[in-house]
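S.K.:
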Amino acid sequence: MTELRHDHPLSLTRGGPAYNVMRRLHLLNAQGQPRWAPLVLFAWLPPTVLSLAAFIDHGKHDPVLFDASVHVRFLIALPLIVLGERHLEDRARIAMRQFRAGRFANRAAVDAIIDRTEHLRDRWLPEGLLFVMAVLGGQAVLWGWTAPAGVIHGVELGDTRSLAHVWYAAVALPLAQFIVLRWLWHWGLWIYVLVRLSRLRLSVIAIHPDAAGGLGFLDEPIDGFALFVASLAAVASSAWSMKIYLDGADLQTFVPPFLGFLAIALLLGLGPLVLFSGHLYRARRRDLPMHHELALSYVRDFKHKWLQHHSKGEQLLGTSDLQSLNDLHGGFEVTERTRVIPIGPRPVAIIATAALLPMLPAVLTAVPLKEVLAHLGKALVGGLPI
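The opening position of the sequence shown corresponds to residue 1 in my numbering, with each subsequent residue numbered one higher.
Right, dumping it as structure tokens:
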């Protein structure tokens, strides 16, 4: 059994079987973060070179060489996933450090959650099952048991059994799928942390200026999640672009799956934060009446001193009483604006942007750039009088 440790902040990614293997293979940098370049070259370069050689020698159009989704998967999506893992690690570590420093809950209970999470991270069974799933998925594509099109698999390879096909389906594709599944496992660990924290007795204060009872920092790991969303969206966009370009598919046919993808991304990214709504509701219900009483008491004294029995010798301008009245007003507004759901516009916008931007190539494949710019121009100036 892994020894439980209390001497460091939470680490979601620096541990586990795959991490130990990468460390032995020198695939980690000095900070313990994966190097994406060797992974990309190992997965992408051999099938690309093999398919290019076959095309030069025999004029054979290997799908591995001519399908954009293959290259996007390894040259764009894979680096984004690795970068997203680094952001997830850093943001989650900082968030937990802030949570512990903020004294929101019993320190021993928080330490127990961190230890349990790292214990789950280091177990062999979860990553072992993910590895088996990735290998079986590649074998299913290799032997034609399943259609390889889509975000999870890849391109239509047909019945060919070229060397490039074998490497792609048996090595490169399982590696890419394992990295995706492993990333989701790490995000699942963060969700586990949030679930466990939400069940503690939390000391949140509605007057905190973040309008989330002081828990606003818990959405920071969403920056890493957004990069993961962008990587999947890039693969989907490239696959859809090829279908539009080669098969004449209508762009409208991809709107429902995109909306479903966006809904799942928002649910996975923001859904766990809803678990803290009860704490925020109770804090607002508790603190707002106390702020009402404090404000009422102060404004009564202020009225009595400056409005009803004001001495002409005293000047209100520049006194601390006036500044305190203004500060009281600001604090009361902050308490009233405290959200019951600790989700602001920033994380929603980040996830939506991460899903939308990679779709631009698919849109431009279906609609010429000139026409897109014309529509944008009409939308921008349409409401302006000319």
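Even for Gly, the Cβ is constructed at its ideal location relative to N, Cα and C.
Check whether the segment 59-72 touches the segment 11-22, counting contact only when three or more Cβ pairs, one atom from each stretch, lie closer than 8 angstroms.
M.R.: The answer is no - the segment 11-22 does not touch the segment 59-72, with fewer than three Cβ pairs under 8 angstroms.
S.K.: Mind checking Gln31: buried by the 16 CB within 10 Å criterion, or exposed?
M.R.: Label assigned to Gln31: exposed.
S.K.: Nearest by alpha-carbon distance to Leu205: which of Arg103, Leu270, Ala233 is it?
M.R.: First, the residue type needs correcting, since residue 205 is Ile and not Leu in the sequence shown. Cα-wise, what sits closest to Ile205 is Arg103.
S.K.: Going by DSSP, what residue range makes up the alpha helix (DSSP H) through Val195?
M.R.: 173-198 is the span of the alpha helix (DSSP H), which, as asked, contains Val195.
S.K.: Which term fits Gly137, buried or exposed, when burial requires 16 or more other beta carbons within 10 angstroms of its beta carbon?
M.R.: Classification of Gly137: buried, given that the 10 Å Cβ count is 16 or more.
S.K.: Mapping DSSP to helix, strand and coil, what is Pro79?
M.R.: In this structure, Pro79 counts as helix in the three-state DSSP scheme.
S.K.: If you run the structure through DSSP and keep just helix, strand and coil, what is Pro368?
M.R.: Reduced to three states, the DSSP call for Pro368 is coil.
S.K.: Could you give the first and the last residue of the continuous alpha helix (DSSP H) run that contains Asp67?
M.R.: It is not in any alpha helix (DSSP H) - Asp67 carries neither H nor E in the DSSP assignment.
S.K.: In this structure, how does DSSP classify Pro47 when only helix, strand and coil are distinguished?
M.R.: Three-state result, Pro47: helix.
S.K.: Is the segment 28-46 touching the segment 197-216, taking contact as three or more C-beta pairs under 8 angstroms?
M.R.: Judged by Cβ distances under 8 angstroms, the segment 28-46 makes no contact with the segment 197-216, as fewer than three pairs qualify.
S.K.: Check whether the segment 209-224 and the segment 291-309 touch, using three or more Cβ-Cβ pairs below 8 angstroms as the test.
M.R.: Result no; under three Cβ-Cβ pairs closer than 8 angstroms.
S.K.: Closer than 8 angstroms by C-beta to Ala43: which residues in its own chain qualify, once you throw out the five before and the five after it? Chain order, please.
M.R.: Contacts found: Phe74, Leu78, Val171, Ala172, Leu175, Ala176.
S.K.: May I have the straight-line CA-CA distance separating Asp122 from Gly15, to the nearest angstrom?
M.R.: Those two C-alpha atoms are separated by around 6 angstroms.
S.K.: So Ile179 packs on Gly269, CB below 8 angstroms; how close in whole Å?
M.R.: Going by Cβ atoms, the distance from Ile179 to Gly269 rounds to 19 angstroms, so no, they are not a contact pair.
S.K.: According to the Cβ coordinates, are Phe302 and Ile81 closer than 8 angstroms?
M.R.: No. Outside cutoff.
S.K.: For Leu157, name the three-state secondary structure that DSSP assigns.
M.R.: Because Leu157 carries a pLDDT of 48, less than 50, the predicted location of this residue cannot be relied on, and the following value inherits that uncertainty. Here Leu157 sits in coil by DSSP.
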